[in-house]
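Structure first, commentary second.
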């Protein structure tokens, strides 16, 4: 298949996925339960995509765990994102050297 056909299929699927909610939910959602459920979906999707990528990014699960733990601890103390990212990378690198 040509690349143009792949792009057209992806565009169609993306369009359909985005139009389904507009088609089925014409009225404003009033249920507090449904609203609170929908509020957490972006966080759940982001976590589902990020967590596996973290642990399979290196060839060593222990090094990835060390970097993740460093990031969690530093983020808990509200350090800037660049500090957390660089420190987690350094922790993972150092842990990978010894394992």
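Numbering (this note's numbering), first residue to last: 1040 to 1138.
Cβ coordinates follow ideal geometry from the N, Cα and C atoms, glycine included.
Quantities reported herein were computed from a predicted structural model and do not represent experimental measurements.
Give a yes or no on whether the C-beta atoms belonging to residue i and residue j are separated by under 8 Å.
i	j	result
residue 1134	residue 1105	yes
residue 1109	residue 1093	no
residue 1126	residue 1113	yes
residue 1074	residue 1080	no
Compare the Cα-Cα distances from residue i to each of the options and report the closest residue.
i	options	result
residue 1100	1137, 1047, 1055 and 1073	1137
Helix, strand or coil for residue i, going by three-state DSSP, please let me know.
i	result
residue 1089	helix
residue 1055	helix
residue 1060	helix
residue 1076	helix
residue 1098	coil
residue 1118	coil
residue 1046	helix
residue 1041	coil
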